[in-house]
Amino acid sequence: MTNPPLDLPAHTGSRTTRVLGAAVLVGVATMILLGFFVAPEDDLMADSVRMIFVHVPSAILTYVAFSVTAVGSVMWLWKRSVWWDIVAHSSAEIGVVFCGLTLVTGSIWGRPTWNTYWEWGDVRLVTTLILFVMMIGYLAVRSMGGDESAVATRAAVVGVIAAINIPIINRSVEWWADRTLHQQSSITDGKLEDWTLFTMFLGIVVWGVFYTWSMTHRFRIAWLERELRDGDLDEAIAARRAEAAASGGAS
Amino acid sequence: MSDTVADDSLAPREPRPARTRRRKVVPALIALVMVGAVVGLVWNLASGSLFFYNADEAVERRDELGDERFTLQGLPIGCSIVEGFQDDLPIVAFSITHGGVSADIVHFGDPAELFEPDIPVVLDGAWVQSDPDVDGFDGLADDGWYFASDRMRVKHDNDYINDDGYEDRLAESAEQVVVTEACA
Numbered sequence: 603m604t605n606p607p608l609d610l611p612a613h614t615g616s617r618t619t620r621v622l623g624a625a626v627l628v629g630v631a632t633m634i635l636l637g638f639f640v641a642p643e644d645d646l647m648a649d650s651v652r653m654i655f656v657h658v659p660s661a662i663l664t665y666v667a668f669s670v671t672a673v674g675s676v677m678w679l680w681k682r683s684v685w686w687d688i689v690a691h692s693s694a695e696i697g698v699v700f701c702g703l704t705l706v707t708g709s710i711w712g713r714p715t716w717n718t719y720w721e722w723g724d725v726r727l728v729t730t731l732i733l734f735v736m737m738i739g740y741l742a743v744r745s746m747g748g749d750e751s752a753v754a755t756r757a758a759v760v761g762v763i764a765a766i767n768i769p770i771i772n773r774s775v776e777w778w779a780d781r782t783l784h785q786q787s788s789i790t791d792g793k794l795e796d797w798t799l800f801t802m803f804l805g806i807v808v809w810g811v812f813y814t815w816s817m818t819h820r821f822r823i824a825w826l827e828r829e830l831r832d833g834d835l836d837e838a839i840a841a842r843r844a845e846a847a848a849s850g851g852a853s
Numbered sequence: 296m297s298d299t300v301a302d303d304s305l306a307p308r309e310p311r312p313a314r315t316r317r318r319k320v321v322p323a324l325i326a327l328v329m330v331g332a333v334v335g336l337v338w339n340l341a342s343g344s345l346f347f348y349n350a351d352e353a354v355e356r357r358d359e360l361g362d363e364r365f366t367l368q369g370l371p372i373g374c375s376i377v378e379g380f381q382d383d384l385p386i387v388a389f390s391i392t393h394g395g396v397s398a399d400i401v402h403f404g405d406p407a408e409l410f411e412p413d414i415p416v417v418l419d420g421a422w423v424q425s426d427p428d429v430d431g432f433d434g435l436a437d438d439g440w441y442f443a444s445d446r447m448r449v450k451h452d453n454d455y456i457n458d459d460g461y462e463d464r465l466a467e468s469a470e471q472v473v474v475t476e477a478c479a
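Just so you know, the sequences run in chain order S and L. Position one of the first sequence corresponds to residue 603 (my numbering), numbered consecutively onward. Position one of the second sequence corresponds to residue 296 (my numbering), numbered consecutively onward.
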């Protein structure tokens, strides 16, 4: 008995992902142009203000990515939906990249502005670092191996616990307004003008499209991995059945 | 592949591998890091409200703080800033204000890049009961104490102003009114 070959696509691209990918490239090129040559420097911070075009969008997409992970985790725990589990895992991987970028750009921006790369006493900074560590922990749990369902459940619990930190990070500069080195929200309370404001919002859109593009690819890869694994399993079962049939029904 | 996990009892079962030392240590380490992260979060949130004292609080708690090292925040008053050297080391003396109370500061070392009047600073150091001995510095607090600082951060706000109206708008701010009155 032979198994039909698995009907898996050769790649994870589609017309939509190609359009999204092209939009990201054009968006990044536009951001570079606007960020470096059109948006004016800040009267006090001078050129270092341009870090806002990467830092703020990265922070927002960190919230989005880990919120999606939390939703996917809840759906796994509730419905045992593999689709949602893959969504949670894929979003966590991308979210860790965005969160790392937020920490690095914030630190680089902090040196000329605050006169320090890092401040352990600042609630916004430390809670963001803790979120990063927790999501690294999430990925570590994912990579532990063992029973797939048990791993997904453990990771989902970590994903949900980590997400509790998101509103704390977001509101920390308001709740500890007079006790934090980090400035308050640039989007809701900040004073940004003209090209600075436009370029920052463009950054959020471009990062959002990049997130959608990378999520689509990562999800498809994870889905195909499972298909392949399940296909291999089906093959093994079929081989075992054939073996049993050949030896007279004993297994 | 189905959307939900199926209990496939036909699947061939491999013998369970013996639990190795690594299989026990890795989850334990991950659990430890996660617990550490949660403890760190709680500790940080609990202590977040004590990151720094504002100038008025630090002056009020002067006896309690003694010579203990702490972090202080306030708005530098422009007309008070004096830069110089002490034993070949750069120093900057100035007064800060917050909540209508001022305090005199002697910062040992180079000031922060963005150190300017009317931009709040966060300083690490301790109270010293003495008049600051800096040539040309006439502290606005002048209360027989100064804050000896050795680490300065600038607390920038979320105004990313990029036109020539900066000075005009700064003059309109409430902080500037306080500073102007203090210098007068």
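Note that beta-carbon positions come from the ideal geometry of N, C-alpha and C, so glycine has one too. Bear in mind that the values here come from a model prediction, so they are computed numbers and not experimental data.
Chain-ordered chain L contacts of residue i [CB-CB under 8 Å]
{"i": "N767 (chain S)", "result": "L336"}
{"i": "W680 (chain S)", "result": "The contacting residues do not exist; W680 (chain S) stays about 12 Å from chain L at best."}
{"i": "P714 (chain S)", "result": "E408, L409"}
{"i": "S788 (chain S)", "result": "N453, Y455"}
{"i": "D780 (chain S)", "result": "N349"}
{"i": "L794 (chain S)", "result": "Y455"}
Beta-carbon proximity check, residue i vs residue j, cutoff 8 Å
{"i": "H402 (chain L)", "j": "L384 (chain L)", "result": "no"}
{"i": "V354 (chain L)", "j": "L409 (chain L)", "result": "no"}
{"i": "V556 (chain S)", "j": "V743 (chain S)", "result": "This structure cannot speak to residue 556 (chain S), because chain S is shown only from 603 to 853."}
{"i": "A436 (chain L)", "j": "D362 (chain L)", "result": "no"}
{"i": "A388 (chain L)", "j": "V377 (chain L)", "result": "yes"}
{"i": "L705 (chain S)", "j": "T671 (chain S)", "result": "no"}
{"i": "G394 (chain L)", "j": "D430 (chain L)", "result": "no"}
{"i": "V811 (chain S)", "j": "V684 (chain S)", "result": "no"}
{"i": "V689 (chain S)", "j": "R726 (chain S)", "result": "no"}
{"i": "T707 (chain S)", "j": "S660 (chain S)", "result": "yes"}
{"i": "I768 (chain S)", "j": "Y455 (chain L)", "result": "no"}
{"i": "T798 (chain S)", "j": "A641 (chain S)", "result": "yes"}
{"i": "Y665 (chain S)", "j": "A694 (chain S)", "result": "no"}
{"i": "V698 (chain S)", "j": "V762 (chain S)", "result": "no"}
Buried versus exposed, by CB contacts within 10 Å (16 or more), residue i
{"i": "Y719 (chain S)", "result": "exposed"}
{"i": "W680 (chain S)", "result": "exposed"}
{"i": "W338 (chain L)", "result": "exposed"}
{"i": "L830 (chain S)", "result": "exposed"}
{"i": "E745 (chain S)", "result": "The sequence given here places Ser at residue 745 (chain S); Glu does not occur at that position. Label assigned to S745 (chain S): exposed."}
{"i": "D687 (chain S)", "result": "buried"}
{"i": "T620 (chain S)", "result": "The sequence given here places Arg at residue 620 (chain S); Thr does not occur at that position. With fewer than 16 Cβ atoms within 10 Å of its Cβ, R620 (chain S) is classed as exposed."}
{"i": "P242 (chain L)", "result": "Residue 242 (chain L) lies beyond the residue range present for chain L, which begins at 296 and ends at 479; the question has no answer from this structure."}
{"i": "A840 (chain S)", "result": "exposed"}
{"i": "I771 (chain S)", "result": "buried"}
{"i": "H657 (chain S)", "result": "buried"}
{"i": "H691 (chain S)", "result": "buried"}
{"i": "R773 (chain S)", "result": "exposed"}
{"i": "I696 (chain S)", "result": "buried"}
{"i": "R713 (chain S)", "result": "exposed"}
{"i": "A847 (chain S)", "result": "exposed"}
{"i": "H784 (chain S)", "result": "buried"}
{"i": "A852 (chain S)", "result": "Confidence at A852 (chain S) is low in this model, with a pLDDT of 48, below 50, so its placement is unreliable and the value that follows should be read with caution. The residue is exposed, with fewer than 16 neighbouring Cβ atoms inside 10 Å."}
{"i": "V330 (chain L)", "result": "exposed"}
{"i": "R617 (chain S)", "result": "exposed"}
{"i": "I766 (chain S)", "result": "exposed"}
{"i": "V808 (chain S)", "result": "buried"}
{"i": "P611 (chain S)", "result": "exposed"}
{"i": "S297 (chain L)", "result": "Residue placement at S297 (chain L) is flagged as unreliable, the pLDDT there being 47, under the threshold of 50; the coordinate-derived value follows with that caveat. Counting Cβ neighbours within 10 Å, S297 (chain L) comes out exposed, since fewer than 16 surround it."}
{"i": "G375 (chain L)", "result": "Gly is not the amino acid found at residue 375 (chain L); the sequence shown has Ser there. When all chains shown are included, S375 (chain L) counts as buried."}
{"i": "G404 (chain L)", "result": "exposed"}
{"i": "A323 (chain L)", "result": "exposed"}
{"i": "G748 (chain S)", "result": "exposed"}
Where residue i meets chain S, residues with beta-carbon distance less than 9 Å
{"i": "T392 (chain L)", "result": "Chain S residues near T392 (chain L): none, gap ~14 Å exceeds 9 Å."}
{"i": "P350 (chain L)", "result": "Residue identity differs from the one stated: residue 350 (chain L) is Ala in this sequence, not Pro. Neighbours of A350 (chain L) on chain S: none; closest Cβ ~12 Å, over 9 Å."}
{"i": "F480 (chain L)", "result": "Absent from the structure is residue 480 (chain L), since the part of chain L shown begins at 296 and ends at 479."}
Where residue i meets chain S, residues with beta-carbon distance less than 7 Å
{"i": "P322 (chain L)", "result": "M746"}
{"i": "I325 (chain L)", "result": "G739, A742, V743"}
{"i": "V417 (chain L)", "result": "L783"}
Contacts of residue i in chain L (Cβ-Cβ under 9 Å)
{"i": "I654 (chain S)", "result": "Y455"}
{"i": "L736 (chain S)", "result": "For clarity, residue 736 (chain S) is Met in the given sequence; the question names Leu instead. Result: V328, M329, A332, V333, L336."}
Proximal residues of chain S, C-beta to C-beta of residue i below 8 Å
{"i": "A451 (chain L)", "result": "In the sequence under discussion, the amino acid at residue 451 (chain L) is His, which differs from the Ala named in the question. Result: L646, M647, T715, W716, Q785."}
{"i": "R448 (chain L)", "result": "W716, N717, T718, E721, L783"}
Neighbour list for residue i in chain L, Cβ cutoff strictly below 7 Å
{"i": "V854 (chain S)", "result": "In this structure chain S extends from 603 to 853, so residue 854 (chain S) is not present and cannot be described."}
{"i": "V760 (chain S)", "result": "M329"}
Query raised in the report: When the Cβ atoms of the segment 345 to 352 of chain L are set against those of the segment 364 to 381 of chain L, are three or more pairs found closer than 8 Å?
Result: yes
Query raised in the report: Would the segment 762 to 780 of chain S and the segment 636 to 655 of chain S be scored as touching if the rule is three or more Cβ pairs under 8 Å?
Result: no
Query raised in the report: Quick one: any contact between the segment 666 to 683 of chain S and the segment 709 to 723 of chain S, if contact means 3 or more CB pairs under 8 Å?
Result: no
**Report entry** Complete alpha helix (DSSP H) runs within the segment 333 to 397 of chain L (minimum length 4 residues, chain order)
**Finding:** Annotation note: the segment 333 to 397 of chain L contains the following uninterrupted alpha helix (DSSP H) runs of length 4 or greater, listed N- to C-terminal: 350 to 355, 357 to 360.
Query raised in the report: In chain order, which alpha helix (DSSP H) runs of at least 4 residues are fully inside the segment 666 to 750 of chain S?
Result: Counting only runs of 4 or more, we get 684 to 716, 725 to 744.
Requested in this report: Go through the segment 758 to 820 of chain S residue by residue and report every complete run of the alpha helix (DSSP H) that reaches 4 residues or more, in order.
Outcome: 767 to 777
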